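Undergrad: Residue numbers (the numbering used here): 913 to 1113.
No residue lacks a Cβ here, since even glycine has one placed at the ideal position from N, Cα and C.
These figures come from a predicted structure and were not determined experimentally.
#1: Just to check my reading of the structure: residue 1076 and residue 940 have Cβ atoms closer than 8 Å, yes? What is that Cβ distance to the nearest angstrom?
#2: Taking residue 983 as the reference, give the member of 976, 977, 992 and 975 with the closest Cα.
#3: Give me, in chain order, the residues of the same chain whose beta-carbon lies closer than 7 Å to that of residue 1019; leave out the 5 immediate sequence neighbours on both sides.
#4: Compare the Cα-Cα distances from residue 1010 to each of 971, 1036, 1043 and 985 and report the closest residue.
#5: I want to know whether the region 946-956 touches the region 1062-1074 - three or more CB-CB distances under 8 Å.
#6: Work out the CA separation of residue 998 and residue 915 for me, nearest whole Å.
#7: Restricting to Cα atoms, I'd like to know which of 1042, 1071, 1079 and 1069 is closest to residue 1092.
#8: Roughly how many angstroms lie between the CA atoms of residue 1087 and residue 1110, to the nearest whole one?
#9: Would residue 1108 be called buried (16 or more neighbouring beta carbons within 10 Å of its own) or exposed?
#10: Please state the DSSP three-state secondary structure of residue 941.
#11: Have a look at residue 1071 and residue 1050 and give me their C-alpha separation to the nearest angstrom.
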């Protein structure tokens, strides 16, 4: 299998998937989010100097990890993302071990999952990278607005729920722990201030 050729096909294929479905409610889990995860995956892979085999696995997983958001229930979207990925690779490779590794990386992004190795840790950290950046506030608002649109109901205490999520979240790679922990603490402090200001009113 020519992984270089497949790597070039991935953004075109994923862009096509997002264009094929109604994405109007996907204010956060959209193609732009996927691009960000791909970018940060490559950043972390470069830091750890992973070989081309694992780099390809992680790039493929990053491109496909949220395609399942395009169809059906959001709570099992990772399983559908794996199916999208398997459909794409069908006929392109007989390397079942590699496809299985890509699937494992996609499933590692499930909120209830825990990464079991460095590649899975990398994609988990790439997927939640924004929690430690100044983009958090804007992107978190998109998360809640998307959820309201998909559930067709308002979500109460958004700042409180986001605070619980950030406090329970952890970055798995040492790279992201060093690079993003201070930013995440600032975002935690910001959420606490928002909550305190609401209480004061």
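TA: Put simply:
#1: That pair is no contact at about 18 Å.
#2: 992
#3: 990, 994 and 1025
#4: 971
#5: no
#6: 15 Å
#7: 1042
#8: 35 Å
#9: exposed
#10: coil
#11: 12 Å
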